[in-house]
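K.L.:
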Amino acid sequence: MEEKISVFAYLFVVTALALTVGCTNDKSDAKDRSSQQSLTKPANIIVIVDTSDRVSKEKNPHQIEKDIEITENIVDIFEEKFVRPSLYIGSKDTLAFVVPEQPGVPSISQTTLANLKIWRTRKQRAGGAPEFRKMKTRLLGAIRELYQSVNELEQFTGSDIWKWFRDSTEVYLKPDARNYIICLSDGYLDFNHSIQVERPKRTYISYRAVAKLRETPNWKQKFHTEKHGLLEIEKDFSDYNVKFLMVEITHRHMLDLEIVKEYWRVWLKSMGIADSQFLPTQDDPQVVMERITEFLSVQ
1222 MEEKISVFAY LFVVTALALT VGCTNDKSDA KDRSSQQSLT KPANIIVIVD
1272 TSDRVSKEKN PHQIEKDIEI TENIVDIFEE KFVRPSLYIG SKDTLAFVVP
1322 EQPGVPSISQ TTLANLKIWR TRKQRAGGAP EFRKMKTRLL GAIRELYQSV
1372 NELEQFTGSD IWKWFRDSTE VYLKPDARNY IICLSDGYLD FNHSIQVERP
1422 KRTYISYRAV AKLRETPNWK QKFHTEKHGL LEIEKDFSDY NVKFLMVEIT
1472 HRHMLDLEIV KEYWRVWLKS MGIADSQFLP TQDDPQVVME RITEFLSVQ
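Residues 1222 to 1520 in the numbering used here are what the sequence shown spells out, letter by letter.
1) Go ahead and label residue 1332 buried or exposed: buried means 16 or more other beta carbons lie within 10 angstroms of its beta carbon, across all protein chains shown.
2) My parser needs the beta strand (DSSP E) runs of 3 or more residues fully inside the stretch 1297-1368; what are they?
3) At 4 residues or longer, and completely inside the stretch 1404-1439: list those alpha helix (DSSP H) runs for me, N to C.
4) In this structure, what does DSSP give as the bridge partners for residue 1499?
5) Our contact map puts residue 1336 next to residue 1360 with C-beta atoms below 8 angstroms; I'd like the distance itself, whole angstroms only.
6) If we ignore side chains and look at the alpha-carbon of each, how far apart do residue 1447 and residue 1460 end up?
7) Have a look at the DSSP bridge pairing and note the partners of residue 1268.
8) Any heavy atom of the ligand COA within a distance shorter than 7 angstroms of the CB on residue 1510?
9) With the cut-off set at 8 angstroms, would you say residue 1323 and residue 1370 are in Cβ contact?
10) Flag this pair as yes or no: are the beta carbons of residue 1270 and residue 1405 separated by less than 8 angstroms?
11) Under three-state DSSP, which class holds residue 1376?
12) Of all the options 1339, 1485, 1504 and 1423, which has the alpha carbon lying nearest to the alpha carbon of residue 1495?
13) Are there 16 or more other CB atoms within 10 angstroms of the CB of residue 1356, so buried, or fewer, so exposed?
14) Count the other C-beta atoms from every protein chain shown that fall within 10 angstroms of the C-beta of residue 1474, then say buried if there are 16 or more, exposed otherwise.
15) Could you tell me whether the stretch 1410-1424 touches the stretch 1347-1355, using the rule of 3 or more Cβ pairs below 8 angstroms?
16) Quick check on residue 1429: buried or exposed, where buried means 16 or more other Cβ atoms within 10 Å of its Cβ?
17) With residue 1266 and residue 1517 assumed to form a contact (beta carbons below 8 angstroms), what rounded beta-carbon distance in angstroms separates them?
18) Please return the same chain residues whose Cβ sits closer than 6 angstroms to the Cβ of residue 1383, not counting the five positions on each side in sequence.
19) Residue 1510 lies in the alpha helix (DSSP H); which residues open and close that run?
20) Below 8 angstroms, how does it come out for the stretch 1426-1444 and the stretch 1475-1484: are there three or more Cβ pairs, yes or no?
21) Based on Cα-Cα distance, which residue from 1445, 1439, 1499 and 1282 lies nearest to residue 1402?
22) According to DSSP, simplified to helix, strand and coil, what is residue 1371?
23) From residue 1469 to residue 1287, what distance separates their C-alpha atoms?
24) Going by DSSP in three states, residue 1473 sits in which element: helix, strand or coil?
25) I'd like the span of the alpha helix (DSSP H) that includes residue 1393, first residue to last.
26) Using 8 angstroms for Cβ pairs, my map puts residue 1364 next to residue 1292. What's the rounded Cβ distance?
27) Does DSSP classify residue 1250 as helix, strand or coil?
28) Pull up the CB-CB distance for residue 1521 and residue 1284, whole angstroms please, since I reckon it's below 8 angstroms.
29) If you compare alpha carbons, which of 1353, 1272, 1264 and 1282 is closest to residue 1313?
If you want it as structure tokens, here you go:
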């Protein structure tokens, strides 16, 4: 009798172990599948181009040339990292340059804006490398046209990036992709005085406000307790897996850089974008490109 009990006990233990190992393997396999799915999700890259007075000939004579170099290099990085392995056949990776409007300033040509992206149908993607080269050529030409139009502007009132996030972000984000936002901006959402006085409070970041905070002891505490941050847009993008990088931030003092970053971090976090990075303007564009390449390498 004791021998039978011993045999039954042995079989019970062996069966339990087998079930435990099986469940563990199932969980491990599920985790691996989830990880693989994350790695195979297409990349959706959105580049926000700030065309405010940061690119005016009078204020920054060489900024347009610098912007063109950076934007063209982003196109090359997109091709190198996401397109070349598949020669664009079946690829769902997308790249789009967006240009927030300037109040009271003539809009960029709709034809130019329409060509500022590689975001096509399955039929066009199936065209492979030749079709991609056509789209790339159109995109690079549109970048040049964009900055030529900006170079001819008679006034700069301020790039309305705040409004773009409120009204247009959902149009460009994709729920089934790795969403990367690269913002090419000086970091200030500043406007001409005539425009600024008509805008809702806290929809811009002025040089004057940053300077006042810089001169205030415990500026960060004041920033939060007195609600100096940007007005929230009441949108939640946390389900879109968005990563944000701003490059070419200008600053007169090192503390200004920290203040501008705090404005952006808090505002982005309020809309569910917790992964935010910032790079001040660099003399060497190669430093910018290395940072962008690193940024786009993060899964």
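No residue lacks a Cβ here, since even glycine has one placed at the ideal position from N, Cα and C.
P.N.:
Well, looking at it:
1) Reading the sequence shown from its first residue, position 111 is the one you call residue 1332. With fewer than 16 other Cβ atoms from the protein chains shown falling within 10 Å of its own Cβ, residue 1332 counts as exposed.
2) 1315-1319
3) 1414-1417 and 1428-1435
4) On the sequence shown, position 278 is the one that residue 1499 refers to. Paired residue(s): 1467.
5) For the purposes of this step, residue 1336 is taken as residue 115 along the sequence shown, with counting starting at 1. For the purposes of this step, residue 1360 is taken as residue 139 along the sequence shown, with counting starting at 1. Rounded, the Cβ-Cβ distance is 6 angstroms, consistent with contact.
6) Sequence index remark: in the sequence shown, residue 1447 carries index 226 (1-based). Sequence index remark: in the sequence shown, residue 1460 carries index 239 (1-based). Residue 1447 and residue 1460: Cα-Cα distance of roughly 30 angstroms.
7) To locate residue 1268, count along the sequence shown from 1; it is residue 47. For residue 1268, which the question treats as bridged, DSSP gives the partners 1318 and 1403.
8) For the structure depicted, the ligand COA is absent and the ligand set is empty, with no information on it obtainable.
9) What you label residue 1323 is simply residue 102 of the sequence shown in a count that begins at 1. What you label residue 1370 is simply residue 149 of the sequence shown in a count that begins at 1. Taking 8 angstroms as the Cβ cut-off, residue 1323 and residue 1370 do not qualify as a contacting pair.
10) As a first step, residue 1270 must be located in the sequence shown, where it is residue number 49. As a first step, residue 1405 must be located in the sequence shown, where it is residue number 184. Cβ distance < 8 angstroms, so residue 1270 and residue 1405 count as in contact.
11) Looking up residue 1376 in the sequence shown gives position 155. Here residue 1376 sits in coil by DSSP.
12) Within the sequence shown, numbered from 1, the residue matching residue 1495 stands at position 274. Considering only alpha carbons, the answer is 1485.
13) Here residue 1356 is taken as the residue at index 135 of the sequence shown, counted from 1. Result: buried.
14) On the sequence shown, residue 1474 is found 253 positions in, with the first residue counted as 1. Burial call: exposed.
15) no
16) As a working note, residue 1429 is residue 208 in the sequence shown. The residue in question, residue 1429, is exposed, as its Cβ has fewer than 16 Cβ neighbours within 10 Å.
17) Taking the sequence shown and counting its residues from 1, one reaches residue 1266 at position 45. Taking the sequence shown and counting its residues from 1, one reaches residue 1517 at position 296. Correct: roughly 7 angstroms between the Cβ atoms.
18) If you number the sequence shown from 1, residue 1383 lands on position 162. So the qualifying residues of the chain are 1410 and 1424.
19) Residue mapping note: residue 1510 aligns to position 289 of the sequence shown, counting from 1. Segment 1506-1518, the alpha helix (DSSP H) holding residue 1510.
20) Under the 8 angstroms Cβ criterion, the stretch 1426-1444 counts as touching the stretch 1475-1484, having at least three qualifying pairs.
21) Reading the sequence shown from its first residue, position 181 is the one you call residue 1402. For the residues 1445, 1439, 1499 and 1282, the minimum Cα distance to residue 1402 belongs to 1499.
22) Taking the sequence shown and counting its residues from 1, one reaches residue 1371 at position 150. Correct three-state label for residue 1371: helix.
23) Position 248 of the sequence shown, counted from the first residue, corresponds to residue 1469. Position 66 of the sequence shown, counted from the first residue, corresponds to residue 1287. The alpha-carbon atoms of residue 1469 and residue 1287 are separated by roughly 10 angstroms.
24) Here the question's residue 1473 lines up with position 252 in the sequence shown. Reduced to three states, the DSSP call for residue 1473 is coil.
25) Against the sequence shown, residue 1393 aligns to sequence position 172. Unbroken alpha helix (DSSP H) run through residue 1393: 1382-1393.
26) Taking the sequence shown and counting its residues from 1, the one referred to as residue 1364 is at position 143. Taking the sequence shown and counting its residues from 1, the one referred to as residue 1292 is at position 71. At roughly 5 angstroms, the Cβ-Cβ gap stays under 8 angstroms, so residue 1364 and residue 1292 are in contact.
27) Within the sequence shown, residue 1250 is the residue found at index 29, counting from 1. Reliability fails at residue 1250, whose pLDDT of 48 lies under 50, so the model's placement of it is uncertain and the value that follows must be treated cautiously. In this structure, residue 1250 counts as helix in the three-state DSSP scheme.
28) This structure leaves residue 1521 out entirely; the chain is present only between 1222 and 1520.
29) Counting from one through the sequence shown, the residue named residue 1313 turns up at place 92. For residue 1313, the nearest C-alpha among the options comes from 1264.
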